[in-house]
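If you want it as structure tokens, here you go:
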């Protein structure tokens with residue numbers, strides 16, 4: 065199936081030094097036990113939630129915007145904001161609010177010049193056709209060898225981001241010396 | 065408006081010794097820093113979430129079933145399960161699961177002989193016409209002087225429970241020596 | 065308990081002509097089958113969700129911001145935005161977005177001069193100590209005969225709003241000729 | 065990255081005739097305008113929500129367990145239940161409830177002999193290391209050439225399911241003659 069093969073190519077395009085910096089920030093937050101909040105709208109928000117669950121299993125002090133229980137953000141806390149276009153209005157509003165209380169913002173986006181990326185302290189670029197189309201988008205499709213929209217709207221960004229974030233989780237397990245058994249212990253035993 | 069005046073009478077019917085025991089359990093959890101999870105279906109679940117938010121503002125280690133971030137329950141953790149009828153299937157399943165891992169369960173319900181109440185370690189009775197109707201329900205309506213359904217389904221249970229729980233929050237503030245300023249500090253500064 | 069008696073007084077202060085106008089707008093939306101979306105942050109959002117559930121039971125085409133399934137807003141759709149202070153940033157952003165696509169906005173708030181009230185096409189004033197304090201707030205407390213914060217932050221606004229909205233549901237049942245049986249038929253048979 | 069390459073192999077192992085039957089059921093629901101509800105716990109639930117969003121963009125009458133607005137299920141409605149292990153207790157309880165009201169259940173799971181698969185009218189098998197391990201799991205890993213847990217717990221099931229469901233969306237677009245523009249029209253214009 066072509067979505068899967070696209071994803072393999074996309075993941076290869078993710079810049080390793082950006083992912084390495086991202087992992088280092090996550091390790092800093094883990095070691096300081098500061099709070100981390102994950103933010104995204106629509107399907108990007110769901111991908112963010114899936115990542116937040118794994119961070120909880122790893123022992124992070126992690127929250128999700130939209131959950132009932134969300135504590136106050138403080139200086140040195142971290143927000144991870146996910147938006148393919150980097151132009152999702154509520155995500156930008158929320159990232160600005162995080163900056164104004166002294167928290168750090170990491171943006172995961174396709175567009176390094178987007179409003180969200182401009183607000184952020186750090187950007188992890190993830191390729192993908194996104195809801196907006198422009199030259200840059202065309203270039204990406206060329207690079208990927210994909211000319212037809214095999215998946216609508218932000219699909220490719222979302223799937224690629226999910227795999228990138230799951231790879232980050234695998235890497236965090238190694239660096240934190242955590243086994244699958246450790247994660248199971250923190251996994252919800254009552255959930256829906 | 066008659067819903068409000070009903071609520072005044074209902075709240076008077078809540079048994080003070082039950083609320084006192086409930087507050088003591090909450091103080092125990094607060095002092096031990098064990099986890100507390102709030103559970104309910106439909107509108108009862110929303111009332112539970114509103115309570116959970118205030119417990120977070122008070123500094124409790126509180127979670128809500130249905131949130132993305134829900135940690136594993138352990139022995140000595142506490143579940144607060146809200147169901148007017150005491151017969152909501154998923155709430156019962158979840159309360160049984162909590163018991164099986166050694167957590168304590170407090171039921172908030174109209175029916176002291178319901179399946180949920182039978183599972184629970186402690187019951188806080190809250191009057192209300194609930195989704196099921198029976199003799200007991202009729203008795204309550206007599207007691208309240210209400211013969212017409214002025215609010216459909218579980219409405220009166222839900223409103224009375226919300227006010228009872230907010231009164232518990234006010235009392236917890238006094239006993240924990242917390243001011244409104246203290247609560248504001250823990251209130252989400254970024255929320256939707 | 066004094067929260068309950070406060071609520072009785074508060075509900076008496078709600079302006080009947082505003083509630084009547086609100087009910088008429090709801091009946092218009094019901095009859096046109098246009099969409100209605102309910103919005104609020106924190107505990108106000110939970111109260112909004114409880115109202116949305118009942119509107120669904122009444123047969124409205126209703127949605128909640130924050131749910132997974134939220135369709136596109138169109139001209140003539142309706143947003144109900146709940147904020148005690150009328151200054152909750154994300155609620156204002158969202159109300160502006162609704163106006164920009166031609167939807168109507170009804171604000172439920174304590175402050176008739178707040179930014180949210182200014183954006184809205186219609187305001188339903190609900191008294192309450194809210195998170196911000198000012199002269200107006202002091203006046204309300206005088207009116208209510210309440211000088212001590214018996215419930216922290218937005219509690220009184222939230223409880224009064226819930227009761228006002230449940231009274232609106234009772235009135236809608238009468239005007240739409242719906243029985244409790246009708247509501248039960250539309251009530252979720254699988255829920256958590 | 066090895067997660068991505070695993071996914072390519074996994075997707076190849078998905079049985080085309082099962083996916084074809086699944087697509088036919090979805091087209092039936094679309095054409096009848098009956099309701100479809102998506103159910104899953106934890107990260108599987110998030111993947112289900114991402115699928116539900118796209119179905120909404122396609123014009124389906126779709127709901128998600130856990131949303132505020134969830135209508136009553138009726139005979140001929142459809143539940144899609146996602147569980148890698150097929151043993152998630154609340155998902156099984158919910159699938160049984162759906163069957164008892166006459167709705168059809170489609171299970172997406174790794175285990176064709178699991179309790180969930182046994183309840184379901186139709187199964188779509190998706191390979192993946194899941195939270196439980198057994199012979200079958202070992203076999204799958206052999207087949208995939210993967211011996212080390214490169215992603216913890218249900219990760220591979222979740223990612224493979226997401227890609228499979230996004231491929232189903234792409235195929236539904238073709239069969240329903242929908243363009244990306246059509247989807248954009250139904251995409252939320254106000255979301256978080």
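Protein chains in written order, with the numbering used here: chain B, 65 to 256; chain S, 65 to 256; chain G, 65 to 256; chain X, 65 to 256.
We put the beta carbon where it would ideally sit given N, CA and C, even for glycine.
None of these values were measured; they are calculated from a predicted model.
Suppose contacts are defined by Cβ-Cβ distances below 8 Å. Is residue i in contact with residue j by that definition?
i                      : j                      : result
residue 223 of chain X : residue 226 of chain B : yes
residue 130 of chain B : residue 256 of chain X : yes
residue 250 of chain B : residue 112 of chain B : no
residue 188 of chain B : residue 83 of chain B  : yes
residue 103 of chain B : residue 143 of chain B : yes
residue 117 of chain G : residue 106 of chain S : yes
residue 169 of chain B : residue 228 of chain B : no
residue 254 of chain S : residue 75 of chain B  : no
residue 154 of chain X : residue 114 of chain B : no
residue 156 of chain S : residue 127 of chain S : no
residue 230 of chain G : residue 215 of chain S : yes
residue 160 of chain S : residue 146 of chain S : no
residue 51 of chain G  : residue 87 of chain G  : Summary: the structure shown does not reach residue 51 of chain G, with chain G confined to residues 65 through 256, and so no result is reported for it.
Rounded to whole angstroms, what's the CA-CA distance from residue i to residue j? Just pull it up for me.
i                      : j                      : result
residue 179 of chain B : residue 151 of chain B : 6 Å
residue 240 of chain S : residue 175 of chain B : 49 Å
residue 221 of chain B : residue 246 of chain X : 20 Å
residue 94 of chain G  : residue 166 of chain X : 29 Å
residue 205 of chain B : residue 192 of chain B : Residue placement at residue 205 of chain B is poorly supported in this model, since its pLDDT is 49, which falls under 50; the coordinates are not used for a value here.
residue 11 of chain B  : residue 92 of chain B  : Nothing can be reported for residue 11 of chain B, as the shown portion of chain B is limited to 65 through 256.
residue 235 of chain B : residue 85 of chain B  : 13 Å
residue 90 of chain S  : residue 138 of chain S : 16 Å
residue 286 of chain B : residue 133 of chain X : No information on residue 286 of chain B is available, as it lies outside the stretch 65 to 256 that chain B covers here.
residue 80 of chain S  : residue 219 of chain B : 55 Å
residue 108 of chain B : residue 108 of chain X : 15 Å
residue 217 of chain B : residue 244 of chain G : 43 Å
residue 248 of chain B : residue 248 of chain X : 39 Å
Between which residues of its own chain and residue i is the CB-CB distance below 6 Å, once the five residues before and five after are set aside?
i                      : result
residue 125 of chain B : 97 and 99
residue 140 of chain G : 98
residue 136 of chain S : none
residue 119 of chain B : 126
residue 177 of chain G : none
So which residues on chain G does residue i lean against when the C-beta distance must stay under 7 Å?
i                      : result
residue 219 of chain S : 230
Given residue i, which residues of its chain have a CB within under 8 Å of its CB, disregarding the five upstream and five downstream residues?
i                      : result
residue 185 of chain B : 168, 169 and 170
residue 181 of chain S : 150, 171, 173, 175 and 187
Can you pull the chain B neighbours of residue i, defined as C-beta to C-beta under 8 Å?
i                      : result
residue 130 of chain X : 256
Might you give, ordered along the chain, the residues of its own chain that have their beta carbon closer than 7 Å to the beta carbon of residue i, omitting 5 neighbours on each side?
i                      : result
residue 242 of chain X : 122
residue 162 of chain X : 137, 143 and 169
So which residues of chain X does residue i contact, with C-beta pairs closer than 8 Å?
i                      : result
residue 191 of chain B : Those within 8 Å of residue 191 of chain B in chain X number zero; the least Cβ separation is about 13 Å.
residue 258 of chain B : Missing from the structure shown is residue 258 of chain B; chain B here goes from 65 to 256 and no further.
Which bits of chain G does residue i rub up against, with CB to CB less than 8 Å?
i                      : result
residue 153 of chain B : 157 and 161
residue 113 of chain X : 132
Would you mind telling me which residues of chain S sit closer than 7 Å to residue i, beta carbon to beta carbon, in chain order?
i                      : result
residue 239 of chain G : Within chain S, no residue comes near residue 239 of chain G; the closest Cβ sits about 14 Å away, beyond 7 Å.
residue 127 of chain B : 133
Name the chain S residues that come within less than 8 Å of residue i, Cβ to Cβ?
i                      : result
residue 169 of chain B : Per Cβ cutoff of 8 Å: no residues; residue 169 of chain B is ~11 Å from chain S at best.
Run through chain X and tell me which residues come within less than 7 Å of residue i, C-beta to C-beta.
i                      : result
residue 137 of chain G : 253 and 254
residue 90 of chain G  : Within 7 Å Cβ-Cβ: nothing; residue 90 of chain G doesn't reach chain X, min ~16 Å.
residue 226 of chain B : 223 and 226
Below 9 Å on C-beta distance, what does residue i contact in chain G?
i                      : result
residue 188 of chain S : None at all; the shortest Cβ gap to chain G is about 14 Å.
Which chain X residues sit within Cβ distance under 9 Å of residue i?
i                      : result
residue 142 of chain G : Correct list: empty, because the minimum Cβ distance to chain X is about 13 Å.
_Ignoring anything shorter than 4 residues, give me the alpha helix (DSSP H) runs that lie fully in the region 103-173 of chain G, in order along the chain._
Segments of the alpha helix (DSSP H) lying fully in the region 103-173 of chain G: 106-121 and 153-164.
*Could you give the uninterrupted runs of the alpha helix (DSSP H) lying entirely in the region 226-253 of chain S, keeping only those of 4 residues or more?*
Counting only runs of 4 or more, we get 244-250.
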